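The structure under discussion appears below in the form of C-alpha cells.
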Amino acid sequence: MKENQFNKWGAARAKGKVHFILVRGVLSWGLPMFIFMAFINKPFADGFTSEAAIVHYIVWPIAGFLFGVFTWHMSERLYKKELTRRGNT
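Just so you know, we're using our numbering here: the sequence shown kicks off at 1 and counts up by one.
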C-alpha cells in the first residue's frame, strides 16, 4: 500500500464505517448506477410507480450499500496488513 493510499484510508476510516458506506457506496456508486441504468433500461417509461421503477428504486441503493460494505472490508484488510508490515520494520 502506497503512503498516500495509507493516509487516505486512515482519514476515511476515522470518519467511520457508516459514513463510508453511505457516501462511497450508496451515493458515489449506487446513485450514479441508478441514473446510468435509468437511461439504459428505461424503467420509468411506464411511470414512476411501475413495477420496473420500483425494482430500480430498491436494487441500486442495496447494491450501493453492498458495494460500500465490500469496499470497506477489503480496504480495512489491506490497511491492517500494512499496519502489521510497518510495525515489523
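Even glycine gets a Cβ: it sits at the ideal position worked out from N, Cα and C.
Keep in mind that this is a model prediction, so the values were computed, not measured.
Residue j and residue i - do their beta-carbons sit closer together than 8 Å?
{"i": "residue 67", "j": "residue 30", "result": "yes"}
{"i": "residue 33", "j": "residue 56", "result": "no"}
{"i": "residue 72", "j": "residue 15", "result": "no"}
With DSSP as the reference, label residue i as helix, strand or coil.
{"i": "residue 10", "result": "helix"}
{"i": "residue 81", "result": "helix"}
{"i": "residue 75", "result": "helix"}
{"i": "residue 16", "result": "coil"}
{"i": "residue 43", "result": "coil"}
{"i": "residue 50", "result": "coil"}
{"i": "residue 1", "result": "coil"}
Which whole-angstrom value is the C-beta distance of residue i and residue j, which I expect to be below 8 Å?
{"i": "residue 20", "j": "residue 12", "result": "6 Å"}
{"i": "residue 53", "j": "residue 39", "result": "That belief does not hold up - the Cβ atoms of residue 53 and residue 39 are roughly 14 Å apart, past 8 Å."}
{"i": "residue 1", "j": "residue 82", "result": "4 Å"}
Subject >> Cβ contact (3+ pairs, closer than 8 Å) linking the segment 23-42 and the segment 60-79 >> reply: yes
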